[in-house]
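*Asks:*
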Amino acid sequence: MSHEGVAAILAILLIIGLLSIVLVIASYLVMSWFVARVFVKAGIPAWKAWVPVYSNWILLELGRQPGWWSILLLVPFVNYAAIVFVCIAVYRVSQGFGKEAAGFLVLYIFVPWVWAGIIAFDDSRWEPWRVRAFLPPQPV
Numbered sequence: 208m209s210h211e212g213v214a215a216i217l218a219i220l221l222i223i224g225l226l227s228i229v230l231v232i233a234s235y236l237v238m239s240w241f242v243a244r245v246f247v248k249a250g251i252p253a254w255k256a257w258v259p260v261y262s263n264w265i266l267l268e269l270g271r272q273p274g275w276w277s278i279l280l281l282v283p284f285v286n287y288a289a290i291v292f293v294c295i296a297v298y299r300v301s302q303g304f305g306k307e308a309a310g311f312l313v314l315y316i317f318v319p320w321v322w323a324g325i326i327a328f329d330d331s332r333w334e335p336w337r338v339r340a341f342l343p344p345q346p347v
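In our numbering, the protein residues as written are 208 to 347.
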């Protein structure tokens with residue numbers, strides 16, 4: 208392979224890398240903006256949505272889950288358990304906004320931007336009494 212061929216391949220890889228970085232930054236900005244609007248509707252300051260790990264912490268607490276699971280999202284293999292707790296929190300947050308929680312959980316799993324966008328821009332209100340915990344039956 209000639210030097211021109213190698214240079215062309217490197218140029219293509221550089222363009223793909225730069226486009227990937229732009230896409231990641233754009234999706235972070237959009238998701239943070241949507242989550243900031245969700246937080247404001249829930250009475251939480253919007254700036255908390257712009258801090259990467261802290262926004263997950265607040266989302267977990269909004270869904271009545273321990274916030275420290277957001278730190279475990281960064282740990283390999285343990286993050287799978289943390290994802291389960293994030294899903295439970297999203298289920299409960301959807302309940303708190305009066306949404307059909309199971310459907311909105313599926314929406315969050317596949318397209319979280321759509322989930323956050325719908326909750327951010329619809330006319331639903333945060334009503335914490337709607338958030339039901341998964342509690343075992345109490346003895347009589």
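Ideal placement from N, C-alpha and C gives every residue a C-beta, glycine not left out. Keep in mind that this is a model prediction, so the values were computed, not measured.
1. Within a Cβ cutoff of 7 Å, which residues of the same chain sit near R337, ignoring the five residues on either side of it in sequence?
2. Just reading off the alpha helix (DSSP H) that A288 is part of, what are its end residues?
3. By how many angstroms is the C-alpha of R299 removed from the C-alpha of G212?
4. Please classify L217 as buried or exposed, where buried requires at least 16 neighbouring CB atoms within 10 angstroms.
5. Out of G224, W257 and D329, which one is the CA nearest neighbour of L236?
6. What are the start and end residues of the alpha helix (DSSP H) that includes I232?
7. If we ignore side chains and look at the alpha-carbon of each, how far apart do W320 and H210 end up?
8. Less than 8 Å between the C-beta atoms of M238 and A327, yes or no?
9. Tell me the rounded alpha-carbon separation between L281 and L312.
10. Which term fits Y315, buried or exposed, when burial requires 16 or more other beta carbons within 10 angstroms of its beta carbon?
11. Give the C-beta separation of G270 and V297 to the nearest angstrom, bearing in mind that I take them to be a contact with Cβ-Cβ under 8 Å.
12. Assign I251 to buried or exposed, taking buried as 16 or more other Cβ atoms, counted over all protein chains shown, within 10 Å of its Cβ.
*Replies:* For this structure:
1. Q302, G303 and G305
2. V285 to G303
3. 54 Å
4. exposed
5. W257
6. H210 to K248
7. 43 Å
8. no
9. 22 Å
10. buried
11. 6 Å
12. buried
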